[in-house]
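Quick note: the sequence shown uses our numbering, first residue 64, plus one each step. We put the beta carbon where it would ideally sit given N, CA and C, even for glycine. To start, the structure under review is shown below, and the notes come after it.
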Amino acid sequence: MNTKVSVLNSYETIYIIRPDLSEDNLLKIIENYQGILLERGAKNIVTQNRGRRHLKYLIKKFKDGVYIQMNYEANGEVIELIEKSMRINENIMRFLTTRDKNHIPL
Numbered sequence: 064m065n066t067k068v069s070v071l072n073s074y075e076t077i078y079i080i081r082p083d084l085s086e087d088n089l090l091k092i093i094e095n096y097q098g099i100l101l102e103r104g105a106k107n108i109v110t111q112n113r114g115r116r117h118l119k120y121l122i123k124k125f126k127d128g129v130y131i132q133m134n135y136e137a138n139g140e141v142i143e144l145i146e147k148s149m150r151i152n153e154n155i156m157r158f159l160t161t162r163d164k165n166h167i168p169l
């Protein structure tokens, strides 16, 4: 176990999942990313399914996508890992992670 203390920053990741997936596959993807966060020591993980929404333009030939929002506290290494995983996952159409600079950790 790594004993180095790292600072946890507040992040928000929003990702869009292909709309043609079954509910079970959708839940597996969401649980997978929550699991990655938990394994890597993220805290205060809040995940919200924002539902299926119409896209302004086609992404990978789809007009709709399922939006998922995750808010959590983690270090930068976790962000690199989760974004790399999303980049290679063919079911993730787009993703964006932002850091909340105004958030004061508890």
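Cutoff 6 Å; reference residue i; Cβ partners in own chain excluding five residues on either side
{"i": "L159", "result": "I77"}
{"i": "T66", "result": "With a pLDDT of only 45 at T66, under 50, the local geometry of the prediction cannot be trusted, and the value read off the model is given with reservation. Result list for T66: empty, nothing under 6 Å."}
{"i": "K91", "result": "none"}
{"i": "D15", "result": "Residue 15 cannot be examined here, being either before or after the span of the chain that is shown, 64 to 169."}
CB-CB length for residue i against residue j, believed under 8 Å
{"i": "L42", "j": "R103", "result": "Because the chain here runs from 64 to 169, residue 42 falls outside it and cannot be looked at."}
{"i": "E140", "j": "N107", "result": "With a Cβ gap of about 17 Å, E140 and N107 do not count as contacting."}
{"i": "L192", "j": "I79", "result": "Examination of residue 192 is not possible in this model, given that the chain is present from 64 through 169 alone."}
{"i": "G128", "j": "L118", "result": "6 Å"}
Extent of the continuous alpha helix (DSSP H) to which residue i belongs
{"i": "K106", "result": "First-last for K106: 106-122, but that is the beta strand (DSSP E), not the alpha helix (DSSP H)."}
{"i": "K164", "result": "Looking at the DSSP string, K164 is not in any alpha helix (DSSP H), and its letter there is neither H nor E."}
{"i": "D87", "result": "86-102"}
First and last residue of the uninterrupted beta strand (DSSP E) at residue i
{"i": "S73", "result": "72-80"}
{"i": "N134", "result": "125-137"}
Sequence-distant residues of its chain with Cβ nearer than 8 Å to residue i (five each side left out)
{"i": "I93", "result": "T110, N112, I131"}
{"i": "D83", "result": "F125"}
Own chain partners of residue i with C-beta closer than 7 Å, once the 5 adjacent residues on each side are dropped
{"i": "I99", "result": "L144, I145, S148"}
{"i": "A105", "result": "Y135, E136, A137, V141"}
Next item on the list: Would you check if the segment 71-87 and the segment 126-135 touch, i.e. whether three or more CB-CB distances between them fall below 8 Å?
Entry: yes
Check: Are three or more beta carbon pairs between the segment 111-119 and the segment 144-155 nearer than 8 Å?
Finding: no
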